[in-house]
Amino acid sequence: MAQQRTKIKELLVSGTTGQSYTIKGWVRTKRESKNVVFFALNDGSVLQNIQVVADPAKTPEEVLRKISTGAALSVSGELVESQGKGQSVELVAQEIELLGEADPEKYPLQPKKHSLEFLREIAHLRMRTSTFSAIFRIRHAMTFAVHKFFNDKGFVNLHTPIITGSDAEGAGEMFRVTALDLDNLPRTEDGKIDYKEDFFEKETNLTVSGQLEGELGAMALGEIYTFGPTFRAENSNTSRHLAEFWMIEPEMAFVELEGNMDLAEEMLKYLIRYALENCKEDLDFLAARAAEEDKNKPQAERSEMGLLERLQFILENNFERVSYTEAIDILKDSKPNKKKKFNYLIEEWGADLQSEHERYLVEKHFKKPVILYNYPAAIKAFYMRRNEDGKTVRAMDILFPGIGEMVGGSQREERYEVLKERAAEMGIHEEDIWWYLETRKFGTAPHSGFGLGFERLMLFVTGMTNIRDVIPFPRFPGNAEF
Ligand code: 4AD
Ligand code: MG
Numbered sequence: 003m004a005q006q007r008t009k010i011k012e013l014l015v016s017g018t019t020g021q022s023y024t025i026k027g028w029v030r031t032k033r034e035s036k037n038v039v040f041f042a043l044n045d046g047s048v049l050q051n052i053q054v055v056a057d058p059a060k061t062p063e064e065v066l067r068k069i070s071t072g073a074a075l076s077v078s079g080e081l082v083e084s085q086g087k088g089q090s091v092e093l094v095a096q097e098i099e100l101l102g103e104a105d106p107e108k109y110p111l112q113p114k115k116h117s118l119e120f121l122r123e124i125a126h127l128r129m130r131t132s133t134f135s136a137i138f139r140i141r142h143a144m145t146f147a148v149h150k151f152f153n154d155k156g157f158v159n160l161h162t163p164i165i166t167g168s169d170a171e172g173a174g175e176m177f178r179v180t181a182l183d184l185d186n187l188p189r190t191e192d193g194k195i196d197y198k199e200d201f202f203e204k205e206t207n208l209t210v211s212g213q214l215e216g217e218l219g220a221m222a223l224g225e226i227y228t229f230g231p232t233f234r235a236e237n238s239n240t241s242r243h244l245a246e247f248w249m250i251e252p253e254m255a256f257v258e259l260e261g262n263m264d265l266a267e268e269m270l271k272y273l274i275r276y277a278l279e280n281c282k283e284d285l286d287f288l289a290a291r292a293a294e295e296d297k298n299k300p301q302a303e304r305s306e307m308g309l310l311e312r313l314q315f316i317l318e319n320n321f322e323r324v325s326y327t328e329a330i331d332i333l334k335d336s337k338p339n340k341k342k343k344f345n346y347l348i349e350e351w352g353a354d355l356q357s358e359h360e361r362y363l364v365e366k367h368f369k370k371p372v373i374l375y376n377y378p379a380a381i382k383a384f385y386m387r388r389n390e391d392g393k394t395v396r397a398m399d400i401l402f403p404g405i406g407e408m409v410g411g412s413q414r415e416e417r418y419e420v421l422k423e424r425a426a427e428m429g430i431h432e433e434d435i436w437w438y439l440e441t442r443k444f445g446t447a448p449h450s451g452f453g454l455g456f457e458r459l460m461l462f463v464t465g466m467t468n469i470r471d472v473i474p475f476p477r478f479p480g481n482a483e484f
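Here the working numbering is used: position 70 in the sequence shown is 72, and no number is missing along the way.
Listed below in structure tokens is the structure:
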């Protein structure tokens, strides 16, 4: 009987030379001469490949020929100290079984540098590259760390619905969910689509945020968090936006804006520290990769710090807490504003901040993460708590260098009358959120929460520059392949 499979990670960490093992994986590269064949096998468990040494005389000709980049193999053999450079151990093959061949004429991933754009088109295979396997191992570690962080603090993970009847952000950027026959839509008497005939007997869509339901959880369980997919039909074809992304949304009863900022800062530092401590090899690889990319950029666009330094820097510095009003003053007086370099010039209080402004504050002015708070009510969602000045709400956004907005959150409006009025002002129908309003009627209390865009965090941690490269199968305008 064949030996049990050993993962390459385990083999490299705790394999004993002189013993025999069976490994399974995909060929990365192959070199051959008359007397010996070398190939590198990778099984995704770890960044490194293991070098396999095979004797052509002892390997069937058919198998030998089909050992090519991308082929899946099972190899049994003895682990020995390596003679060659670049690895400490290698496997001397006793038996090679070809599990699946990969025609070298057709296999799209060759052992050479491919562009990220090209790899995006072959997302079904790109995880077999060192770069993408590193990214997705880190993504896993970050997911685990999110749950660990909240679990250790006693937060309850609440699964909020993906199909909803409400628009939490009120931005109208939703994907519809329907089971109606689109070629034969039922109509009401006045010619509108009759959603009463639809599956849920009402209009429904994919959620843009789990927050509203999360608040219901917090008003019973105290502290909850959601970590799920969210969907936005905003037509932003940028390197920071996805139509389907994952959001982490904690919600805390009895906590005001400042406590909310504290939690967000603590969480971000925890996650980054977790990556540094647990994903060292993958991060080193991505740091080297980012440094290489940087060399090809014009001087002015190069990063001042390497990836690992940037991560370390976050741990060592407090986030700058700045009110929206202070930020507007800084921006008004800034060089790019005076020299009309911004695409959107900051002229007066109340202006919505564009990413160019956010990046100026973070990258040029403060040179560290910034928490902007107390935004004008007019540019924020209906649920944010109004301040005594009547103009601003207790909102906070966390801005990161190279990324822009990483986190958006607020203290919530807990006063029934004020909330009802705000919702009406923003055109939100009471019958869609009656349940949300009721929490303000029955045992209301101050509470706060925020949303962290998981892929934005992944961008920062991996040093990648396009959000489409940190989620396995990105959805964006014009693309829902795979
Ligand atoms: O600022 P946003 O819209 O806030 C909310 O949805 C609140 N309900 C969160 C809360 O208070 N519970 O989104 C939160 C974060 C943003 O800061 C950003 O990191 C990310 O989600 N995000 C996106 N990430 C990728 N693609 C998009 N299209 C994103 N839109 C927002
Ligand atoms: Mg936001």
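All C-beta atoms in this analysis are idealised placements derived from N, C-alpha and C, irrespective of residue type, glycine included.
All values derive from a computational prediction rather than experimental measurement.
{"query": "Look at the alpha carbon of residue 376 and the alpha carbon of residue 288, and state the distance between them as a whole number of angstroms.", "result": "37 Å"}
{"query": "Nearest CA to the CA of residue 99: which residue from 60, 474, 151 and 92?", "result": "60"}
{"query": "Does DSSP classify residue 98 as helix, strand or coil?", "result": "strand"}
{"query": "Hey, would you say the C-beta of residue 356 is under 8 Å away from at least one heavy atom of the ligand 4AD?", "result": "no"}
{"query": "Residue 145: which of 78, 182, 227 and 133 sits nearest, CA to CA?", "result": "227"}
{"query": "For residue 210, which residues of its own chain have a beta-carbon under 8 Å away from its beta-carbon, when the five flanking residues on both sides are left out?", "result": "169, 170, 171, 173, 175, 176, 232, 233 and 234"}
{"query": "Quick one: Cα of residue 187 to Cα of residue 384, how far?", "result": "33 Å"}
{"query": "Quick check for students: name the residue ranges of the alpha helix (DSSP H) that lie wholly in the segment 178-231, counting only runs of 4 or more.", "result": "213-223"}
{"query": "My assumption, with CB atoms under 8 Å, is that residue 456 sits in contact with residue 263. Please give the rounded CB distance.", "result": "Not a contact, Cβ separation roughly 19 Å."}
{"query": "Can you confirm whether the segment 20-31 touches the segment 54-73 when touching is taken to mean that 3 or more C-beta pairs between the two stretches lie within less than 8 Å?", "result": "yes"}
{"query": "For residue 164, which option in 153, 155, 52 and 179 has the closest C-alpha, if you only look at C-alpha atoms?", "result": "179"}
{"query": "Out of 223, 317, 68 and 276, point me to the one whose CA is closest to residue 267's CA.", "result": "317"}
{"query": "Hey, is residue 399 close to the ligand MG, as in C-beta under 8 Å from one of its heavy atoms?", "result": "yes"}
{"query": "Residue 44 and residue 500 - do their beta-carbons sit closer together than 9 Å?", "result": "Past the boundaries of the shown model lies residue 500; the chain is included only from 3 to 484, so the question cannot be answered."}
{"query": "Rounded to whole angstroms, what is the Cα-Cα separation between residue 379 and residue 283?", "result": "45 Å"}
{"query": "Alpha carbon to alpha carbon, how far is residue 436 from residue 157?", "result": "26 Å"}
{"query": "For the beta strand (DSSP E) that contains residue 53, what are its first and last residues?", "result": "52-56"}
{"query": "When you compare the CB positions of residue 461 and residue 242, do they come within less than 9 Å of one another, or not?", "result": "yes"}
{"query": "Could you tell me which of 42, 79, 138 and 440 sits nearest to residue 8, measuring between CA atoms?", "result": "79"}
{"query": "Give every residue of the same chain whose Cβ lies closer than 8 Å to the Cβ of residue 256, excluding the five residues on either side of it in the sequence, and list them in chain order.", "result": "224, 447, 448 and 449"}
{"query": "Report all residues from its chain with a CB closer than 6 Å to the CB of residue 425; omit the five preceding and five following residues, and keep chain order.", "result": "384"}
{"query": "DSSP on residue 289, reduced to helix/strand/coil?", "result": "helix"}
{"query": "Please find out if some non-hydrogen atom of the ligand 4AD comes closer than 8 Å to the beta-carbon of residue 257.", "result": "no"}
{"query": "In its own chain, which residues sit with a C-beta less than 6 Å from the C-beta of residue 313, not counting the 5 before and 5 after it?", "result": "274 and 278"}
{"query": "Is any heavy atom in the ligand MG found nearer than 8 Å to the beta carbon of residue 410?", "result": "yes"}
{"query": "By Cβ distance below 6 Å, which residues in the same chain neighbour residue 473 in space, the five residues on each side in sequence not counted?", "result": "457"}
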